[in-house]
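A quick write-up on the structure given underneath.
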Amino acid sequence: LLGLVLPPRAAAAALALGGTALGGALFAAAVLRFGGISARELRALPGGDALAARLARWRLLPKGA
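First residue of the sequence shown: 44, per my numbering; consecutive thereafter.
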């Protein structure tokens with residue numbers, strides 16, 4: 044589908060960047076879910092209270108966090 048719209052090198056670059064972004068997002072979700080970063084550590088960041096609340100709502104923080 045990308046090959047129809049973009050030149051071959053641009054399509055390959057878009058596919059590589061998209062795959063890398065998806066992999067990074069999945070890795071970050073796994074690190075959060077399995078306790079690599081605690082809610083206390085997130086709350087220590089500027090704007091971390093809102094971020095921790097949102098991640099807890101999305102069930103990406105462990106229950107005990």
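Here a beta-carbon is modelled for each residue, glycine too, at the ideal position from N, C-alpha and C.
7 Å Cβ cutoff met for residue i and residue j
i	j	result
Asp92	Arg100	no
Ala45	Ala54	Per the sequence shown, the amino acid found at residue 45 is Leu instead of Ala. Taking 7 Å as the Cβ cut-off, Leu45 and Ala54 qualify as a contacting pair.
Leu103	Ala72	yes
Pro105	Gly79	no
Local conformation of residue i per DSSP, three classes
i	result
Pro105	coil
Gly66	helix
Gly90	coil
Pro50	coil
Leu44	coil
Minimum Cβ-Cβ distance from residue i to chain B less than 7 Å
i	result
Gly90	The question asks about chain B, but that chain is absent: this structure has only one protein chain.
Buried or exposed (CB count within 10 angstroms, at least 16 for buried), residue i
i	result
Leu69	exposed
Leu65	exposed
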